[in-house]
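Residue numbers (full-length UniProt numbering): 1 to 308. The beta-carbon is built from N, C-alpha and C at its ideal position, and this holds for glycine as well. What you are looking at is a predicted structure, and each value in this text was computed from that prediction instead of being measured.
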């Protein structure tokens, strides 16, 4: 910069006070902040609460659009897991005799419950993986807490499960399990599973945002998890001739925990002897651990989503 003197000559301009300040000092002086900077954890929670209507509306819109191109529409929300259960019953129930002494009145609701409940977790994880990478236009165009996306998609899967639960109740009653006080236990079990699923979806959302190929790998991981969780068979009965610790480890995995709690609540012939020790403590522990850890893990990368 230069300035003109009265004689027509030019002289260097006197340096401004701002020229002596660093970028950080200038920002502090004029009250500027970094665009998209990560807020504190408590501020982030408040922002999410402020977007609660968006989270609910987004989950409902995704649920409505999921089968909008199919002629049966929303019926596929129930038909798909029912068809899966029918296939598993044919293979594991009729061909492989995975019922291992269970009566048909117990095994069929047992199997359908396992398929529906595990599908809830599986779908939440798969939706979480793509929640950021699959919505980059929204992420880059608007400023909002990015956790809204995986949370809303986990909520979408919970709403979808409600359709399946209505069918599950009909199946349970058809096979002799009538409403009782134990059915009230389904609600806290689903709330805990939702907390676990949401935390896991948040973890997978951060991982999937940087590694899109993870979406191609996850179906194989989820299938392995399904077979290890006793969806189609009773873990303690199937592994009766194996070391006890193997059955304990498989029963204490979160997918098996939540399935067994809902089976116990819903099916008359599925008693407490089929549950691992301290089952409710494990159910709460998994939900709190993954819910809190997943939320913090996702929040720590808030400013990086949609960039690069």
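Item, Value
"Anyone know if the C-beta pair for residue 85 and residue 117 falls short of 8 Å?", "no"
"Please say whether residue 56 and residue 155 have beta carbons closer to each other than 8 Å?", "yes"
"Would you mind working out which of 234, 54, 241, 193 sits nearest residue 109, comparing C-alpha positions?", "234"
"Please state if the CB of residue 203 and the CB of residue 291 are separated by a distance shorter than 8 Å.", "no"
"What residue from 300, 302, 123 has the CA that sits closest to residue 201's CA?", "123"
"Near residue 81, what residues of its chain come up, given a Cβ to Cβ distance below 7 Å and the 5 sequence neighbours on each side ignored?", "115, 116, 119, 164"
"Tell me the DSSP secondary structure of residue 309 in three-state form.", "Any property of residue 309 remains undetermined from this structure, which presents the chain solely from 1 to 308."
"Among 61, 79, 186, 301, which one has its Cα closest to the Cα of residue 205?", "301"
"Flag this pair as yes or no: are the beta carbons of residue 149 and residue 135 separated by less than 8 Å?", "yes"
"Measure the beta-carbon distance from residue 266 to residue 152 and round it to whole angstroms, keeping in mind my assumption that it falls under 8 Å.", "The Cβ separation is near 28 Å, so there is no contact."
"What separation, rounded to the nearest whole angstrom, lies between the Cα atoms of residue 229 and residue 143?", "39 Å"
"Would DSSP call residue 58 helix, strand or coil?", "helix"
"Tell me which residues share the same chain as residue 255 and place their Cβ nearer than 7 Å to its Cβ, disregarding the 5 neighbours each side in the sequence.", "118, 121, 225, 229"
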